[in-house]
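At position 169 of the sequence shown the residue is numbered 242 (this note's numbering), and the sequence of numbers has no breaks.
No residue lacks a Cβ here, since even glycine has one placed at the ideal position from N, Cα and C.
The structure presented is a predicted model; accordingly, all values stated were derived computationally and were not measured.
Here's the structure we're looking at; comments come further down.
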Amino acid sequence: MKNEECERIERLTKDRIVSISPLGGGDICRVYRLNFERRGSAVVKISDTGGLDAEADGLKELRRPGVIDVPEVWASEKDILVMEEIPRASERAGFFEEFGRRLAALHEVKSERFGYRRDNRIGHLPQRNTSESSAAEFFRKHRLGFLVEYGRKRRRVSGELFAAVQKVCDRLEDWFAPIQEPPALLHGDLWSGNFLSGPRGPVLIDPAVYYGPREADLAMTRLFGGFPRRFYDAYEEAAPLPEGWSERVDLFNLYHLLTHTIMFGGGYERQALAAAKRYI
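Written as structure tokens, this is what we have:
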């Protein structure tokens with residue numbers, strides 16, 4: 074960590090750094106553990122491309138209801154995020170049942186409109202959160218439509234995939250018709266790398282927050298192998314999902330397959346095309 078970065082962090086936190094150690098797992102940012110004289114241990118992200126003020130805002134939004142553990146933000150600017158370190162702990166008995174119930178409680182936080190008060194990021198890509206009154210319109214304009222255009226302009230999305238996604242967008246009202254409930258507060262990028270087990274139970278990290286259909290969070294949990302069955306059972310016992318939600322899993326995950334196509338290419342485009350063809 075550079076001297077000027079240390080000085081900025083001490084100025085932002087009004088605390089003195091005692092020790093610094095790098096942490097792994099930062100694909101987009103440099104990540105460090107800092108020990109402070111008064112506050113104790115923190116995780117610090119530093120980004121050369123910005124966006125960390127939006128991540129800080131998302132962490133605060135998830136933390137606000139108090140229904141699931143989320144790191145407290147101590148300080149943030151566009152390129153720096155300082156948050157409390159929640160130590161990892163072994164998963165206690167009933168961890169995934171508790172996680173399912175707590176996620177259901179988080180999703181009880183509702184909004185009148187789909188979207189969010191600001192844009193943020195999904196991975197290192199822009200995530201547009203312009204407000205809309207319907208799920209279909211929001212996903213057409215600001216999820217699938219926006220992202221496939223973004224990828225096409227950068228030659229990261231083929232003509233075949235672009236055309237298939239456009240056809241999916243034309244049918245979103247049909248597919249979303251069973252979802253007759255207000256938008257819920259979502260983590261937005263809920264795969265196995267974005268939660269951990271802490272001393273008080275499940276902890277959410279690295280969000281891409283917006284208000285949308287609850288199914289979007291549940292679908293993402295199934296993209297890379299899925300969570301244990303008991304997680305989904307506990308969630309549905311607490312908050313039953315709309316009819317046919319499992320038939321829409323790949324539709325919601327098409328957004329995430331597009332992000333991975335743009336970021337990494339390779340087999341993700343084939344997966345995205347296969348998912349799109351299911352909903353044409």
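- Shown here, residue 147 sits in a strand according to DSSP, grouped into three states.
- Secondary structure note for residue 240: its alpha helix (DSSP H) is the uninterrupted segment 232–243.
- Residue 116 sits away from residue 74, with the two beta carbons spaced by 8 Å or more.
- Residue 335 carries a helical assignment under DSSP once its states are collapsed to helix, strand and coil.
- With a 10 Å radius around the Cβ and a threshold of 16 neighbouring Cβ atoms, residue 280 comes out buried.
- Non-local beta-carbon contacts of residue 213 in its own chain, meaning distances under 6 Å to residues more than five positions away in sequence, involve 242, 245 in chain order.
- Judged by DSSP in its simplified three-state form, residue 292 adopts helix.
- Within the stretch 192–273, the complete beta strand (DSSP E) runs of at least 3 residues fall at 193–195, 198–200, 257–259, 268–271.
- Here residue 115 carries a strand assignment [DSSP, helix/strand/coil].
- Residue 78 and residue 93 have their C-alpha atoms spaced approximately 12 Å apart.
- Annotated as distal: residue 219 and residue 285, with beta-carbon spacing of 8 Å or more.
- In the displayed model, residue 153 falls within a strand according to three-state DSSP.
- Within its own chain, the residues whose Cβ lies closer than 7 Å to the Cβ of residue 328, once the five positions on either side in sequence are excluded, are 216, 217, 220, listed in chain order.
- Annotation: residue 114 to residue 106 spans about 7 Å, alpha carbon to alpha carbon.
- In the three-state DSSP reduction, residue 319 falls in the helix class (H, G or I).
- Collapsing the DSSP output to three states places residue 186 in coil.
- A distance below 6 Å between beta-carbons, with the five flanking residues on each side excluded, links residue 158 to the following residues of its chain, in chain order: 114, 115, 116.
- For residue 343, the uninterrupted alpha helix (DSSP H) run begins and ends at 340–351, by DSSP.
- For residue 173, the enclosing alpha helix (DSSP H) starts and ends at 168–179.
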